[in-house]
Amino acid sequence: MQTILAVDDAKDTLMLLEFDLQAEGYQVLTANDGASALSILENENVDMLLLDLYMPGISGLDTLKAIRENQDLINLPVIMLSASDDEDEIVSALEFGAHDYVTKPYIAKVLLARIRNALRLKEKTMKLENLAKTDFLTEVNNKGEFEHQALKSISQMSRINHNLVIAMLDIDHFKAVNDTYGHDAGDIVLKHFAKELTKTFRDYDIIGRVGGEEFAVCMPNTAQLDGYSACERFRVALENLIIDIGNDQTLSITASIGVASAQHIDGGYDFSRLMHLADQFLYQAKEQSRNKVVS
Ligand code: GH3
Ligand code: MG
Ligand code: MG
Ligand code: MG
0 MQTILAVDDA
10 KDTLMLLEFD
20 LQAEGYQVLT
30 ANDGASALSI
40 LENENVDMLL
50 LDLYMPGISG
60 LDTLKAIREN
70 QDLINLPVIM
80 LSASDDEDEI
90 VSALEFGAHD
100 YVTKPYIAKV
110 LLARIRNALR
120 LKEKTMKLEN
130 LAKTDFLTEV
140 NNKGEFEHQA
150 LKSISQMSRI
160 NHNLVIAMLD
170 IDHFKAVNDT
180 YGHDAGDIVL
190 KHFAKELTKT
200 FRDYDIIGRV
210 GGEEFAVCMP
220 NTAQLDGYSA
230 CERFRVALEN
240 LIIDIGNDQT
250 LSITASIGVA
260 SAQHIDGGYD
270 FSRLMHLADQ
280 FLYQAKEQSR
290 NKVVS
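This is the structure we're talking about:
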């Protein structure tokens, strides 16, 4: 069920909105002013907002401004509701990031159609954003999103002075998989590899595909040794994984892994440095024997 937050200082308007929206099957939350609206948005899952323009305290426009400055609410559809049909006010509401503007007293049928439109647009936007962040084949973060999330995590960890570990993983002799079993089999192997990563590492670790058969994991709040152990656990799990590539054929793979830790290098809270160091350790793992973790 989708949740709509209706914000208006007029109680009768709120009651009317609640009645009309509930009749359409929406869950309705209400607020009498901008401040309570913002606090509800912080704490509840809201799918869209109906926002009165004139309210005592924080005005509708200022509430809207606060919403658009919040990264978490960037896609929240907002329809402004106002008794005013002043052209300049309509223009500013739209410029401030309202999706739509409806005058009061509203016509329920029209308002509901506008709400459906705004919700549809939100859904499409979220789908596209997700596609833009996800590696199509393996469904883990793509390189750009991995970097984006890792950068965020690194600055958080640096602020609270907690360690963070970045691992680079590269499948051993993957070219031979393609050459022997074909490119489709290679793709299946990549999917299984990513699935095993997702299974092994914690929900709040950041996993990404950063190259053809290269993956990276960013582990916030993790001591160097724990990062190493997690990778070693993964290495063993992978070694024992039997991958079904269809046509009654199975195969096994291994990976080499390099692990870099922020508090073990000078200026270690730096994405490029950590990636570079992890890559160097990965190279050593390849040199030494493959199927190995080096930190
Ligand atoms: P090493 O142990 O030194 O890492 O050897 P390797 O064969 O794994 O490394 P190399 O870099 O020589 O080969 C990587 C191969 O990965 C070559 C490339 O065709 C293949 N590859 C990259 N992306 C994909 C993909 O999306 N699907 C498939 N099937 N293969 C891919
Ligand atoms: Mg009002
Ligand atoms: Mg490689
Ligand atoms: Mg490789």
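For the sequence shown, the positions run 0 to 294 when numbering that gives the first Met the number 0 is used.
All C-beta atoms, glycine included, are put in the ideal place defined by N, C-alpha and C.
Spatial distance of residue i from residue j (CA atoms)
{"i": "Lys103", "j": "Ser81", "result": "5 Å"}
{"i": "Lys190", "j": "Leu110", "result": "45 Å"}
{"i": "Asp134", "j": "Ile241", "result": "23 Å"}
{"i": "Gln155", "j": "Gly267", "result": "13 Å"}
{"i": "Arg119", "j": "Leu48", "result": "14 Å"}
{"i": "Glu68", "j": "Leu150", "result": "20 Å"}
{"i": "Val45", "j": "Lys108", "result": "22 Å"}
{"i": "Tyr203", "j": "Asn220", "result": "10 Å"}
{"i": "Glu43", "j": "Leu136", "result": "33 Å"}
{"i": "Gln223", "j": "Thr249", "result": "35 Å"}
Contact belief for residue i with residue j at Cβ below 8 Å, rounded distance in angstroms
{"i": "Gly59", "j": "Gly96", "result": "Between Gly96 and Gly59 the Cβ distance is about 12 Å, and since that is not below 8 Å, they are no contact."}
{"i": "Phe192", "j": "Ile170", "result": "6 Å"}
{"i": "Leu63", "j": "Val77", "result": "6 Å"}
{"i": "Lys142", "j": "Gly207", "result": "6 Å"}
{"i": "Val27", "j": "Leu20", "result": "5 Å"}
Residue i and residue j closer than 8 Å at C-beta
{"i": "Met261", "j": "Asn162", "result": "Met is not the amino acid found at residue 261; the sequence shown has Ala there. A contact, by the Cβ cut-off of 8 Å."}
{"i": "Ala30", "j": "Ile165", "result": "no"}
{"i": "Cys217", "j": "Ser152", "result": "yes"}
{"i": "Gly257", "j": "Val293", "result": "yes"}
{"i": "Tyr105", "j": "Ile89", "result": "no"}
{"i": "Leu281", "j": "Ser255", "result": "yes"}
{"i": "Phe233", "j": "Thr199", "result": "yes"}
{"i": "Leu52", "j": "Met79", "result": "yes"}
Residue i CB to nearest heavy atom of ligand 2 below 7 Å
{"i": "Ala34", "result": "no"}
{"i": "Asp8", "result": "yes"}
{"i": "Asp51", "result": "yes"}
{"i": "Met54", "result": "yes"}
DSSP beta-bridge partners of residue i
{"i": "Asp99", "result": "Ile78"}
{"i": "Arg208", "result": "Phe214"}
{"i": "Thr2", "result": "Gln26"}
{"i": "Gly257", "result": "Met167 and Val293"}
{"i": "Met302", "result": "Because the chain spans 0 through 294 in this model, residue 302 falls outside it and cannot be assessed."}
{"i": "Leu49", "result": "Ala5 and Ile78"}
{"i": "Thr249", "result": "Asp243"}
Residue i CB to nearest heavy atom of ligand 4 below 7 Å
{"i": "Phe192", "result": "no"}
{"i": "Ile73", "result": "no"}
beta-carbon residue i near ligand 3 non-hydrogen atom, thresh 7 Å
{"i": "Gly207", "result": "no"}
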